[in-house]
Structure formats: structure tokens, C-alpha cells
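First comes the structure, then the notes that go with it.
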Amino acid sequence: MVVNLEDWPWPERTFMARLSPQSRKALLALGTQVFYEPGRAVMQQGALGTTTYLLRSQDTRLTACAKITTADDKLLGIRVSGDVVGYLGALDPTARRSSTDTTCTATIVHHIPGEVFEDFLNHHADAWQALCRTIADRLAWSEARRLDFGDRPVNLRLARLLVEFAEAYGRYTTRPGAERPEIEITIRLSYEEVGDLIGAGVDAVGLAMRDLRTAHLAQLRNRRLVVQDLEGLRKYAELT
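In full-length UniProt numbering, the protein residues as written are 1 to 240.
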């Protein structure tokens with residue numbers, strides 16, 4: 001089946017969403033497309049390599065594509081459809097991969113040789129700007145997590161993370177008997193992985209989730225995190 005990528009719904013603030021239509025078309029013409037089943041490593045921390053990888057979810061209803069982890073499996077973040085990973089190797093061929101990136105949903109990965117990606121950047125000024133903004137976003141996200149670790153209790157850290165994930169990776173579902181539509185976070189995350197992201201142990205995450213469940217704000221259901229009341233969760237997280 002031929003897929004028209006010119007009208008692909010790239011999520012906001014991703015590298016692809018920030019490119020002009022002309023630059024997007026030029027980038028999609030580069031490299032090769034490879035299908036990845038969930039759980040397949042795109043790259044390994046510590047390895048040498050210059051290939052840049054553009055992630056694209058096979059299902060337009062899902063945005064999350066890959067989990068970013070350390071060599072000992074501590075979760076660092078999530079990458080979505082429209083994100084690029086591995087670009088530091090294209091900019092510095094001597095650099096080793098800084099993380100292990102593993103698909104968490106069925107994903108089409110565009111493999112772009114490092115020198116080809118660098119040449120693309122040099123011929124498309126908006127692409128350099130998009131990459132700089134992407135890097136700035138990731139640094140800001142890490143800084144926000146660091147500030148949360150020092151200033152806020154675990155339950156607030158968890159609530160803030162769930163608000164962010166519901167908005168970025170959630171899909172609305174309707175459950176019989178529920179007062180309002182709920183948001184199912186489309187990434188399967190263990191309490192240990194959630195703890196990695198908010199700087200908390202498994203037991204602390206469990207206690208915080210119990211508080212959110214008691215307040216009818218969020219819960220773990222069938223191994224998926226479900227936000228029952230997004231506005232209520234925002235207030236709980238002190239985001240309004």
C-alpha cells in the first residue's frame with residue numbers, strides 16, 4: 001500500500017512538524033524505510049554510528065514510537081512520530097550513542113546516512129532551526145524534571161507527568177458507566193519506568209497512584225495508565 005506522507009499528521013513540536021512542506025518532502029526522499037515491531041532496538045548506548053533515524057508511527061492514532069533508556073534500562077524519555085534520533089552521530093562521527101532507543105509501538109524508521117542528513121541540514125536553513133529547537137525542548141524537559149525532583153513531593157511529580165503524557169500520548173476512550181470520557185496513555189509503562197522519569201522508587205509511585213485512584217483522577221487499568229479527569233489532575237498537579 002502506498003502511503004501519502006505529504007499530509008501525514010506529524011505531532012506538534014516534533015522535528016518534522018517544524019519543517020516547511022518543501023523540507024519535509026526533501027527529507028522523506030532520503031534514506032530507506034524499515035518496519036520495526038515493538039521492542040526492537042533502533043540503536044544501542046555506547047555504540048558508534050552516524051545514521052540518523054526518523055521515527056514514524058505505523059498507526060496515525062498513536063504518537064509514541066520509542067523508549068529512550070540507559071544501558072541499564074533506566075527510562076530517560078519517550079520519542080514520538082516525527083522525532084529524529086541519532087543525529088549527534090551525524091554531527092560528530094566520533095561520538096558514541098548516548099542512549100538505547102527501543103520501539104514501543106509498530107514503527108516505520110527512516111534510516112538516513114549521517115553525511116546525507118548533514119548535507120540536508122546545510123541545504124535547508126529551517127531544518128537547522130528545527131533541530132536546534134528540538135534540542136532546546138529536550139533540555140528544557142530535563143531541566144523541568146530536575147526542578148520537580150527537588151521541590152515537589154512524589155504525588156505532584158507523578159500528576160504532572162501524567163498530565164504531560166495524557167496530552168502528548170493519550171487517546172480518548174469511553175467506558176460504560178464513566179461520568180466523562182477518559183484518556184488512555186498509549187504507552188505501556190511499569191511503575192519502575194514511571195519512577196525513573198520522576199525520580200522515585202516503585203513503592204513511592206504505587207502510593208502516589210493509590211492517592212490519584214482514590215481521588216478518581218487516574219489509575220492503572222489493564223497495564224495502561226488511564227487519566228479519568230484531566231482538568232482535575234491539572235489542578236491536583238498545581239498546573240492551573
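A virtual CB, placed ideally from N, CA and C, is assigned to each residue, including glycine.
All figures in this text were calculated on a predicted structure; none of them were measured in a lab.
Whole-Å CB distance - residue i paired with residue j, under 8 angstroms assumed
i: residue 135; j: residue 58; result: Residue 135 to residue 58, Cβ: 26 angstroms. No contact.
i: residue 45; j: residue 94; result: Incorrect: roughly 16 angstroms between the Cβ atoms, too far for contact.
i: residue 160; j: residue 61; result: So it is not a contact: roughly 25 angstroms between Cβ atoms.
i: residue 25; j: residue 196; result: Between residue 196 and residue 25 the Cβ distance is about 37 angstroms, and since that is not below 8 angstroms, they are no contact.
i: residue 28; j: residue 5; result: 5 angstroms
Residue i to residue j span [Cα, whole Å]
i: residue 167; j: residue 229; result: 12 angstroms
i: residue 54; j: residue 121; result: 14 angstroms
i: residue 148; j: residue 157; result: 6 angstroms
i: residue 236; j: residue 76; result: 24 angstroms
i: residue 132; j: residue 81; result: 18 angstroms
i: residue 42; j: residue 112; result: 13 angstroms
i: residue 126; j: residue 22; result: 10 angstroms
i: residue 198; j: residue 165; result: 13 angstroms
Unbroken alpha helix (DSSP H) run spanning residue i, endpoints
i: residue 134; result: 125 to 151
i: residue 29; result: Run containing residue 29: none; DSSP gives neither H nor E here.
i: residue 211; result: 202 to 214
Nonlocal neighbours in the same chain, by C-beta distance under 6 angstroms from residue i, ignoring five residues either side
i: residue 110; result: 31, 33, 54
i: residue 128; result: 121
i: residue 117; result: 52, 90
i: residue 17; result: 10, 82
Contact check, residue i vs residue j, beta carbons under 7 angstroms
i: residue 183; j: residue 169; result: no
i: residue 154; j: residue 204; result: yes
i: residue 97; j: residue 66; result: no
i: residue 36; j: residue 103; result: yes
i: residue 233; j: residue 227; result: yes
i: residue 187; j: residue 71; result: no
Continuous beta strand (DSSP E) stretch holding residue i: start and end
i: residue 198; result: Run containing residue 198: none in the beta strand (DSSP E); it sits in the alpha helix (DSSP H), 191 to 198.
i: residue 64; result: 64 to 69
i: residue 218; result: 218 to 221
i: residue 239; result: Looking at the DSSP string, residue 239 is not in any beta strand (DSSP E), and its letter there is neither H nor E.
8 angstroms Cβ shell around residue i - same chain, five flanking residues per side excluded
i: residue 222; result: none
i: residue 14; result: 80, 81, 82, 83, 134
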